[in-house]
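Anchor point for the sequence shown: position 75 equals 81 in my numbering, and the numbering is continuous, going up by one each time.
Encoded as structure tokens, the structure appears first; notes follow it.
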Amino acid sequence: MILVADSGSSKTDWMAYNPNHSIKFSTQGINPYFVNAQDVVKILSKNKDISAYANMMKEVYFFGAGCSSPDKHEIISNGLSTFFPKAFISVDHDLIGSAYATCGDKKGLTCILGTGSNISYYDGTNVHTGKHGLGYVLGDEGSGTYFGRKVLVSYLYKTMPEELSKAFAKAFVNVDKESVIANIYQKPFPNSYLAAFSRFMADHKEHPFIQRILKDGFQEFIDTNVKDYKAYKSLECNFVGSIAFYYQDELRAVFAENNIKVGKILQKPIEGIFEYILKKEGITA
7 MILVADSGSS
17 KTDWMAYNPN
27 HSIKFSTQGI
37 NPYFVNAQDV
47 VKILSKNKDI
57 SAYANMMKEV
67 YFFGAGCSSP
77 DKHEIISNGL
87 STFFPKAFIS
97 VDHDLIGSAY
107 ATCGDKKGLT
117 CILGTGSNIS
127 YYDGTNVHTG
137 KHGLGYVLGD
147 EGSGTYFGRK
157 VLVSYLYKTM
167 PEELSKAFAK
177 AFVNVDKESV
187 IANIYQKPFP
197 NSYLAAFSRF
207 MADHKEHPFI
217 QRILKDGFQE
227 FIDTNVKDYK
237 AYKSLECNFV
247 GSIAFYYQDE
257 LRAVFAENNI
267 KVGKILQKPI
277 EGIFEYILKK
287 EGITA
């Protein structure tokens, strides 16, 4: 059996293949900046679908956020090797998986706009990672964490319009300075905590205040990330992630204002990655 995973900080999507059928399931996000090898095993052990096939897996391809350096590769690889003792393990950055899903064999820019954000150039064969992807403290422009922080701060500073502030208070009970600081500085997964507040925008995205936050966020992503590539106007920008997917009208409008071509926008790249891996293996699903 072959297992493929696409992991962000909030959620991991899995697809397994054997000659009879394909299997889909999900777990919490597996990011080596927030979990260790033992955590990886614990997360996988909680899922009965994966556990049932653990000893049958021959190849595991994991594409994940935070997996851009050898030491982070090792954390994930060690956890996967323990859980799938008979499998060949491959761990790569989520940008590589995104490129496979959106670009295939064509060159272009591949962008992630989910809990976090990132960008890279794909030449049709290899992903060329740059200086971006600085994480939720220093970067993540245009991401769920970025927008969640903007919405939350405007609520706490009372700069959010009154009607939105009332709606926010109903949607998120007991959100105050003390609880926010505790969740960000003292509890695990602060990036996912912040990103959760971005969901508030979905029910109010027609409001001018939310429209301005979205436009500014996507423009900042362009200015900081896209325009760093000299040939950006001649390349298609492809996207994966919930933020790009659910706010694609706003995203397309901002990119059009900057004369930048938008290609594919996928909420989840797992199926595209899965098809690419099977094709690479010479398998017809």
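Every residue, glycine too, gets a C-beta built ideally from N, C-alpha and C.
Worksheet item: Nearest to A60 by alpha carbon, out of S149, A105, K92?
Response: K92
Fill in: Residues sharing a beta bridge with V210, DSSP
Here residue 210 is His; the residue named in the question, Val, does not match the sequence. DSSP, once it has assigned bridges, lists no residue as partnering H210.
Fill in: Q273, DSSP secondary structure in three states
coil
Worksheet item: Can you give the beta carbon distance from D12 to I249, rounded, assuming they're within the 8 angstroms contact cut?
Response: Between I249 and D12 the Cβ distance is about 16 angstroms, and since that is not below 8 angstroms, they are no contact.
Discussion item. Can you tell me where the beta strand (DSSP E) holding S13 begins and where it ends?
Written reply: 8-13
Worksheet item: Given a threshold of 16 other Cβ atoms within 10 Å of its Cβ, counted over all protein chains shown, does R218 qualify as buried or as exposed?
Response: exposed
Item to complete: Taking N244 and T108 to be in contact with their CB atoms under 8 angstroms, please state how far apart those CB atoms are, rounded to whole angstroms.
Response: 4 angstroms
Fill in: Candidates K112, Y106, N84: closest to I118 by CA position
Y106
Worksheet item: For I216, which option in T121, Y39, S204 has the closest C-alpha, if you only look at C-alpha atoms?
Response: S204
Practice prompt. Would you mind working out which of D146, K113, L144 sits nearest G130, comparing C-alpha positions?
Written response: K113
Worksheet item: Is DSSP giving N61 helix, strand or coil here?
Response: helix
Item to complete: Would you identify the three-state DSSP class for H27, choosing helix, strand or coil?
Response: coil
Discussion item. At the level of alpha carbons, what is the spacing between K193 and I289?
Written reply: 44 angstroms
Worksheet item: Looking at C-alpha atoms only, which residue of G72, A173, T18, V66 is the closest neighbour of F40?
Response: G72
Discussion item. I need the straight-line Cα distance from F178 to K274, nearest angstrom please.
Written reply: 26 angstroms
Discussion item. What does DSSP give as the partner residue(s) for D182 in the beta ladder?
Written reply: Partner(s): none; D182 has no beta bridge.
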